[in-house]
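In this note's numbering, the protein residues as written are 1 to 294.
Written out as structure tokens, the structure reads:
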């Protein structure tokens with residue numbers, strides 16, 4: 001998009017009446033030149049002044065010359081569908097998963113809900129607790145959540161659209177840096193307007209990222225509720241008497257001992273395992289979670 005085209009779009013976006021004023025100037029111009037006396041009955045002096053101020057009209061031989069008429073006409077047209085990034089629409093299953101995920105959050109505070117969900121998960125995990133220590137159970141849970149989290153992000157995130165969003169934002173950032181280096185205040189004002197118009201891109205990127213997160217939380221919250229339930233977190237009933245763990249500097253401690261502020265050892269151990277397994281899985285499957293602008 002050329003400089004003149006951006007200026008025209010900026011004027012029209014700020015004041016819809018400027019579109020008809022610019023069209024009048026284009027239709028009235030002879031040999032690409034126009035004088036105020038030719039259009040004063042159809043446009044206001046303020047609109048005429050803004051066209052001169054923005055550099056759309058510049059000094060000509062017998063009046064004012066239209067700077068790059070083709071770019072001006074292009075700036076008056078609606079942006080084509082190809083320039084718009086169509087956001088991904090959520091299916092009924094996505095919406096159902098989001099609703100159920102919100103319901104699962106109740107299990108953190110409401111014991112009956114936690115007991116129902118954790119009891120169902122315990123059917124799968126109870127045999128495992130009889131075979132391996134609790135820290136291994138947590139590692140297995142972290143491995144499972146890391147694997148399906150990575151696969152869900154790959155399956156449900158449109159990498160091409162994410163790349164388009166990133167490319168557009170990188171382009172605006174680069175133009176802003178170039179304008180700062182030149183000290184072009186007028187260009188900075190236009191780029192600021194372009195940034196405001198690009199707010200929808202940020203919303204679209206958030207929507208693309210949040211869709212897989214809904215499914216990840218839908219599958220991960222039950223595993224967390226089982227660990228809450230099994231350890232008797234926050235004064236709940238302790239359903240398993242797991243062997244204590246030995247950690248550096250503290251020695252042998254219980255799994256519910258606070259180690260990082262209010263965070264207990266089992267939560268910290270899960271996140272450490274999860275981060276490690278996520279890196280291993282992504283490297284092993286050669287998957288990048290960062291969108292490319294190329």
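Glycine included, each C-beta is placed from N, C-alpha and C at the ideal position.
Sort out for me which residues DSSP pairs residue i with in a bridge.
i, result
"residue 247", "251"
"residue 66", "57"
"residue 260", "263"
Give the DSSP-derived three-state secondary structure of residue i in the structure shown.
i, result
"residue 80", "At residue 80 the pLDDT is 42, less than 50, meaning the model places this residue with poor confidence and gives no usable figure here."
"residue 33", "strand"
"residue 6", "helix"
"residue 281", "helix"
"residue 287", "coil"
"residue 141", "helix"
"residue 274", "helix"
"residue 19", "helix"
"residue 44", "coil"
"residue 129", "helix"
"residue 93", "helix"
"residue 177", "helix"
"residue 298", "The shown model of the chain, from 1 to 294, leaves out residue 298, and the question about it has no answer."
"residue 240", "coil"
"residue 158", "coil"
"residue 198", "coil"
"residue 106", "helix"
"residue 119", "helix"
"residue 75", "helix"
"residue 49", "helix"
"residue 99", "helix"
"residue 146", "helix"
"residue 204", "helix"
"residue 232", "coil"
On the premise that residue j lies in contact with residue i, defined as a C-beta separation below 8 Å, what is that separation, rounded to the nearest angstrom?
i, j, result
"residue 172", "residue 198", "6 Å"
"residue 194", "residue 50", "So it is not a contact: roughly 18 Å between Cβ atoms."
"residue 254", "residue 246", "Incorrect: roughly 11 Å between the Cβ atoms, too far for contact."
"residue 208", "residue 162", "6 Å"
"residue 18", "residue 26", "Not really, about 12 Å apart at Cβ, beyond 8 Å."
"residue 28", "residue 41", "Not really, about 10 Å apart at Cβ, beyond 8 Å."
"residue 72", "residue 4", "6 Å"
"residue 281", "residue 147", "6 Å"
With a threshold of 8 Å on Cβ separation, who are the neighbours of residue i within its own chain once the five nearest residues in sequence on each side are excluded?
i, result
"residue 83", "Confidence at residue 83 is low in this model, with a pLDDT of 48, below 50, so its placement is unreliable and the value that follows should be read with caution. Answer for residue 83: no residue qualifies."
"residue 240", "129, 134, 230, 231"
"residue 211", "88, 90, 94, 156, 157"
"residue 23", "76"
"residue 283", "none"
"residue 100", "218"
"residue 244", "252, 253, 254, 255"
"residue 214", "94, 97, 98, 101"
"residue 114", "107, 108, 225, 228, 229, 236"
"residue 67", "4, 55, 56, 57, 58"
"residue 80", "Per-residue confidence for residue 80 stands at a pLDDT of 42, beneath the threshold of 50, marking its modelled position as unreliable; no derived number is given."
For residue i, I'd like the list of residues in its chain whose CB is within less than 7 Å of its CB, leaving aside the five on either flank, ordered along the chain.
i, result
"residue 296", "A query on residue 296 cannot be resolved here, the shown segment of the chain reaching from 1 to 294 and no further."
"residue 36", "48"
"residue 8", "22, 56, 72, 75, 76"
Quick one: residues in its chain with C-beta nearer than 6 Å to the C-beta of residue i, no 5 flanking neighbours on either side, listed in chain order?
i, result
"residue 205", "165"
"residue 43", "21, 24"
"residue 176", "191"
Is the region 96-109 touching the region 215-222 in the sense that three or more CB pairs, one from each, lie closer than 8 Å? Contact holds: three or more Cβ-Cβ distances are below 8 Å.
At least 3 beta-carbon pairs within less than 8 Å: the region 133-144 vs the region 179-195: Cβ pair count under 8 Å is below three, so no.
Stretch-stretch touch, CB-based, cutoff 8 Å, three pairs: the region 269-288 with the region 131-141: The region 269-288 vs the region 131-141: in contact.
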